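Quick notes on the structure that follows.
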Amino acid sequence: MKFPTTMDALVKTEAAKGLTLTKVPVPIPGIGEVLIKIHKTAICGTDVHIYNWDAWSQQKIVTPRVIGHEYVGEIAALGPGVVDYKIGQIVSGEGHIVCHHCRNCRAGNGHWCKETKGVGVERDGAFAQYLCIPETNVIPIPDGMDEEVVSFFDAYGNATHTAAMFDVTGEDVLITGAGPIGIMAVGIARQNGARRIVITDVNQYRLDLAKKMGADAAVNLSQETVEDAMKRLNIVEGFDVGMEMSGNGTALNQLLKLMRNGGNVALLGIAGPGTVIDWNDVIFKGLTLQGIYGRKMFETWYKMMAMVEAGLDLTPVITHRFHYTEFEKGFEAMNSGKSGKVILDWTER
Ligand code: NAD
Ligand code: ZN
């Protein structure tokens, strides 16, 4: 296959708000690497932080940087030594590039590697016509899977890792935060046999999406209380499983208060600096708290694909589609709060 030497990419070119659609060199896959021709990408909250150039991205991102880490594409070229993949194969990829030789990596816990490098954060990313990653990070996608859905598998992986951390079968589940990840977690808990699923937010647009994914109650905290929803749903002792997916300290404390004694809590939302919790909720209730980072490599990916094959429908979370040349509209939709997943199409026009 013949490649162009340059490609379109969305680049953080300078330390300021925004992104630039510009030409950059097409990466050349080295030993053990593959080149992926991008079909579709999805915008993650992280990309929005980088776009907006907030305090986190100012200390994390070195410019110029091609951003983006949620994608689906096809293998376009194989670097020397790569034998397990073939040109044209539909793939996505794990966005954390890990060292493979630290204690956690060798124990199969690559998601806890201390040397991890994020695609589209600490190395060039997927908002481009081509992306180069190590073959160890490639995720082959089963034939016939909806590429729009696969484009946000990275985020679906966060939802899956959190929602699968504790057994939800027959359990009452509270999810705080109806962002795209919380909305997907509703569908996963439903698929896996939860008794009642309650999700909270202050954003009605997103709560409506969560209802479409099967929430028994989507509580708008500016209008009703979780306790009222609990009464309606006959949740008597508190929630058995909690998933914090807002990153908001008030939500975290509310979740801890509403847990049943002996309940299990998975923490995905990134807490703001100085977040304080009432430790006595944890101590006297005997709660188990589990921090969640990324996805399990690669058990989470296996479960994600298996759940979709078993009929989990993630399409309700998709709210916007744009061509990559209209990326500004995509970021505008994300910044408006009136969005679920926003997908960018990278096919040439
Ligand atoms: P998001 O920011 O799109 O959604 C968060 C939602 O929480 C928003 O809809 C917001 O309105 C809602 N919210 C704010 N205050 C609330 C409150 N008091 N109660 C209930 N809801 C409230 O985020 P996302 O992309 O869906 O991701 C969810 C969280 O997970 C974010 O904090 C994100 O940074 C984090 N995250 C963590 C990891 C990890 O590896 N740990 C990976 C990806 C995302
Ligand atoms: Zn490692």
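Take 110 as the starting number for the sequence shown in our numbering and just add one per residue. Just so you know, even glycine gets a beta-carbon here, dropped at the ideal spot from N, CA and C. No experiment lies behind these values; they were computed from the predicted model shown.
Item, Value
"Where alanine 338 falls, given that 16 or more other Cβ within 10 Å makes a residue buried", "buried"
"Any non-hydrogen atom of the ligand NAD closer than 7 Å to aspartate 233 Cβ", "no"
"Of the listed residues Val175, Phe275, Val258, nearest to alanine 235 (C-alpha basis)", "Val175"
"Heavy atom of the ligand MN within 7 Å of valine 207 beta-carbon", "For the structure depicted, the ligand MN is absent and the ligand set comprises only the ligand NAD and the ligand ZN."
"Per-residue burial, tryptophan 410 [other beta carbons within 10 Å of its own, 16 or more giving buried]", "buried"
"Any non-hydrogen atom of the ligand ZN closer than 7 Å to asparagine 213 Cβ", "yes"
"Span separating the alpha-carbon of glutamate 224 from that of asparagine 213", "10 Å"
"Reference histidine 178, options Phe261, Met116, Asp163, closest by Cα", "Phe261"
"Proximity test, isoleucine 452 beta-carbon vs the ligand NAD heavy atom, cut-off 7 Å", "no"
"6 Å CB neighbourhood of valine 133 in its chain, flanking five on each side removed", "Ala118"
"Residue range of the unbroken alpha helix (DSSP H) whose run includes leucine 318", "313-321"
"Beta-carbon contacts of arginine 458 that lie in its chain and below 8 Å, excluding the five residues immediately before and after", "His432, Thr434"
"Reduced DSSP secondary structure (H/G/I, E/B, other) of glutamine 507", "In this structure the chain extends from 110 to 458, so residue 507 is not present and cannot be described."
"Own chain, CB closer than 7 Å to methionine 413, minus 5 neighbours either side, in chain order", "Phe262, Tyr265, Gly266, Thr269"
"C-alpha gap between leucine 318 and alanine 303, whole angstroms", "18 Å"
"Meets three-Cβ-pair contact criterion under 8 Å: the region 439-457 and the region 167-174", "no"
"Identity of the residue in Gly219, Gln168, Asn301, Leu396 nearest alanine 124 by Cα", "Gln168"
"Opening and closing residue of the alpha helix (DSSP H) in which tyrosine 265 lies", "262-272"
"Extent of the continuous beta strand (DSSP E) to which glutamate 179 belongs", "179-187"
"Rounded Cβ spacing between glycine 378 and methionine 354 (contact assumed at less than 8 Å)", "5 Å"
"Helix, strand or coil at glutamate 418 according to DSSP, with G and I counted as helix", "helix"
"heavy atom of the ligand NAD below 7 Å from asparagine 357 C-beta", "yes"
"Residues of its chain near aspartate 349, where Cβ-Cβ distance is below 6 Å and the 5 sequence neighbours each way are ignored", "Glu280, Asp281, Arg369, Gly372"
"Member of Lys340, Pro425, Gly219 whose CA lies at the smallest distance from the CA of glycine 403", "Gly219"
"Any non-hydrogen atom of the ligand ZN closer than 7 Å to glycine 217 Cβ", "no"
"Span of the alpha helix (DSSP H) around isoleucine 196", "No alpha helix (DSSP H) holds isoleucine 196; DSSP gives it neither H nor E."
"Glycine 439 beta carbon less than 8 Å from that of proline 289", "no"
"Distance CB(valine 157)-CB(leucine 423) smaller than 8 Å", "no"
"Reduced DSSP category for valine 143 - H, G, I as helix; E, B as strand; rest coil", "strand"
"CA nearest to the CA of phenylalanine 407, picked from Leu342, Ile152, Val207, Ile196", "Val207"
"Check: arginine 315 C-beta below 7 Å from any heavy atom of the ligand NAD", "yes"
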